[in-house]
Structure formats: structure tokens, C-alpha cells
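In UniProt numbering, the protein residues as written are 1 to 263. We put the CB at the ideal spot given by N, CA and C, even for glycine.
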């Protein structure tokens, strides 16, 4: 068969997206060893979760499946349809371990919850304050992976036991959220600090929550320094957009299944 554009399209259309999902699941165990710089801390493999949006081809099928933002006036559509992608990466290598794809209006938290399937004991998962919620925290912590997340002021954290390194234990009250079942209260350890950045006024306040409750095994200063590794996932997404997709480019697939395959 001649290698024409039509032949390439037929070759992509026949398998759909599922074989690529299975391939990612098979190869997505990571490649880092404990000798890989920035890949491990205290024997825990460093992972990070984050999300991004991708512009996709403007077709009725893609718009129906993924949706698009409204115009700034609030009337009518604006721009291209958008796919939301949440990824789990290995921080030391920038290898994507797992990914979940949804529509423009799909919650990042809902997509991130699906990534629990790739977590296991021996991992330490970093996330920024735009992602964490109590339901998601509990779901991912149940995998046995350790968590170190920046959390917003929406987390009502009242200091309990103050530890020797200045961190403290708090109880996160689960409530119901969107779930019909109440979530049990969750104990977390809180590390607070201010980043003294000469280029930023005022200095930025950080509040981290972690499942690592022992200050001897995980000192607060080390956790604060470790959190900077979360930027590796943003670097990965930026590299992906700029080099593999091309800055400002739109994914060309015209059907939802092929969009997922392309991603």
C-alpha cells in the first residue's frame, strides 16, 4: 500500500486509542533508579501530578465530546474545542507514567482520581494547590503512596500537636463534597513557610500537607526543599507542548477517538 495521507489515516483509525492506552500502561512503570539524579528521596520515588489543556481540531464530533469555552461576552463559542489532560510523571526523568483525558468541563480532580491506578507504596506524589481536595487526597493516599501537596486556604487546618521541627498535625474534616457518602476525617502533617524571593513582593506563603507524619524521618526543611521538584511536571508539560506538539499548534485529529490516540 502506498504511504499516502489516506493510508496513514486508515492505519490510525483502525486500532483507535485503546492499544495506545494499553501500551502506556505496560511501559509506564518508569525508568529511574536510585542513582538517577532527582528521582528518589529517602528511598521514595518522586512523582508529580498536574494538568493542562490542549486545543484540538474544530469539528462537530470533537466539540460534542470535549466542549469549548464560551466567548468573553458569554455568548457563543470561542476558539477551538479543548481537551483536558492530567498526567502522572516520574520527576527525575520526566517520563509520563499515566495520563487521563477528559473534556473542557471535566474536573481535574476527577481525572486525577483515575491516576490512583498507577500509584503504589514506595512513591511520593507531589501536587500543587489547584488540584488537592479531601476526597482526592483520601483516594490517592489509600494506594499506599506518600503525598506532599501544597494546599489552599480552603483547607480548614487547625493546629493540633506541634512537632519539634515546627510542623504540626491537623485533622482535615471530610464532609460530603459531591459524594453521597461522608468522608472520614483525615490526619495530615502541615509544613508552613515563606519563600523569601527578592523578585517577589510580597513574599509567597506556602502551606504543605503530607502523609509523612514523622518529623525525624521527614524533617520540615527537607520537605519544603523537596516540594520544588513539583516544577518538573510543569516543565514536562511545557516541553511536550513546545517540542512534540509545537508551540501554538492545534491537534489535527478530527474525531474524539483519534484525539485521544494522538495525545
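Reducing DSSP to helix, strand and coil, say where residue i ends up.
i           : result
residue 110 : helix
residue 52  : strand
residue 233 : helix
residue 223 : helix
residue 7   : Reliability of the predicted coordinates at residue 7 is poor, the pLDDT of 49 falling under 50, and the value obtained from them is presented with this limitation in mind. Of the three classes helix, strand and coil, the one that applies to residue 7 here is helix, per DSSP.
residue 238 : helix
residue 264 : With the chain covering 1 to 263 only, the question about residue 264 has no answer from this structure.
Note down the Cα distance separating residue i from residue j, rounded to an integer number of angstroms.
i           : j           : result
residue 37  : residue 45  : 11 angstroms
residue 131 : residue 86  : 10 angstroms
residue 258 : residue 237 : 20 angstroms
residue 310 : residue 204 : Absent from the structure is residue 310, since the part of the chain shown begins at 1 and ends at 263.
residue 189 : residue 249 : 42 angstroms
residue 260 : residue 159 : 44 angstroms
residue 173 : residue 156 : 8 angstroms
residue 229 : residue 51  : 16 angstroms
residue 48  : residue 126 : 5 angstroms
residue 224 : residue 98  : 26 angstroms
residue 7   : residue 253 : Because residue 7 sits at a pLDDT of 49, beneath the cut-off of 50, its placement in the model cannot be relied upon, and the following sentence gives the value as read from the coordinates. Roughly 15 angstroms separates the two Cα atoms.
Between which two residues does the beta strand (DSSP E) containing residue i stretch?
i           : result
residue 187 : 186 to 195
residue 204 : 204 to 210
residue 172 : 168 to 172
Would you kindly report the start and end of the unbroken alpha helix (DSSP H) that includes residue i?
i          : result
residue 63 : 60 to 66
Looking only at C-alpha atoms, which of the options sits nearest to residue i?
i           : options            : result
residue 169 : 148, 149, 191      : 191
residue 215 : 253, 198, 161      : 161
residue 139 : 20, 119, 51, 221   : 119
residue 195 : 207, 84, 129, 100  : 207
residue 91  : 104, 123, 227, 232 : 232
residue 21  : 134, 164, 153, 100 : 100
Give a single yes or no on whether residue i has its beta carbon closer than 6 angstroms to a heavy atom of the ligand NAP.
i          : result
residue 88 : Absence of the ligand NAP is noted for the structure shown, with no ligands found whatsoever.
Worksheet entry | Every unbroken beta strand (DSSP E) inside the region 76 to 147 [3 residues or more] | 82 to 90, 95 to 103, 123 to 127
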